[in-house]
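Take a look at the structure below.
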Amino acid sequence: GAGVSQSPSNKVTEKGKDVELRCDPISGHTALYWYRQSLGQGLEFLIYFQGNSAPDKSGLPSDRFSAERTGGSVSTLTIQRTQQEDSAVYLCASSPRTAGPDSPLHFGNGTRLTVT
Amino acid sequence: QKEVEQNSGPLSVPEGAIASLNCTYSDRGSQSFFWYRQYSGKSPELIMSIYSNGDKEDGRFTAQLNKASQYVSLLIRDSQPSDSATYLCAVNDNNFNKFYFGSGTKLNVKP
């Protein structure tokens, strides 16, 4: 079956521009996560969606970052007025559920964002 | 912020040896633990999950969990050069909502 799909795979933008990153989770997965990974670093949690519940935005680094998830499926991460420090790989992951111990994350291939 | 600690490495082992990767976590209420493998330039892929104290074996991989010591490890037997990657430890919090990742241990398996 299809895995987590992210687009674009690469994005180069100029400082100050807005960007939108898209994630299409595995069908039927109710939980969706966004992470950021800077070069040589670990995964930094950004935001989490579960079904129709209010998202957990506690990891968003500034108010320039926002995300939405329409119809409980596709999610868009928007970064406004991009800065060079936003350059990273943005990873989306989905999970079948969140209630239960054995419910791992399935990652997409990521979007590599470069802000020049 | 809940902490998940890993030695960044690199850990170098010869082909055929056992590689031992370690991870400690700060939240005593954590319930589920995962090991992901990440090749350079690729996204993480799940290797194993464990949630009960003790050992869990899957082929050449064994995950070990000790909740009292807040310690989880991954053993790779008969290491192969194709095992060379960064291994990420992930911990699911006691509300099963967030996954916290360590910064990863880079493993080099030398032919």
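If you're matching them up, the sequences are chains A and B in order. To convert, note that position 58 of the first sequence is 100 in the working numbering; the numbers rise steadily by one, no gaps. To convert, note that position 35 of the second sequence is 1287 in the working numbering; the numbers rise steadily by one, no gaps. Don't be surprised by glycine CBs; every beta carbon is placed ideally from N, CA and C.
Selection Ala130(A), Tyr90(A), Gly82(A) and Gln126(A) evaluated against serine 117(A) yields Tyr90(A) as nearest (Cα-Cα). Here aspartate 60(A) has Gln122 as same chain residues with Cβ atoms under 6 Å from its own Cβ, once five neighbours each way along the sequence are excluded. Of all residues in the stretch 1308-1342 of chain B, those with a C-beta nearer than 8 Å to a C-beta of chain A are Leu1340 and Ala1342, reading in chain order.
With a threshold of 16 other beta carbon atoms within 10 Å, isoleucine 1328(B) meets it and is buried. Excluding sequence positions up to five before and after aspartate 1307(B), its CB lies within less than 6 Å of the CB of Thr1314 and Gln1316, all in the same chain and listed in chain order. Per DSSP, the continuous beta strand (DSSP E) segment holding proline 1266(B) begins and ends at 1263-1266. Chain A places no beta carbon closer than 9 Å to that of lysine 1362(B), leaving this residue out of the contacts. Put simply, of Leu1263(B), Pro1262(B), Ala1269(B) and Val1324(B) the residue whose alpha carbon is nearest the alpha carbon of tyrosine 1303(B) is Val1324(B). Beta-bridge partners of aspartate 1310(B) (DSSP): Phe1313(B).
At a cut-off of 9 Å between C-beta atoms, leucine 1263(B) does not count as an interface residue with respect to chain A. A direct Cα-Cα distance of roughly 9 Å separates serine 129(A) from threonine 158(A).
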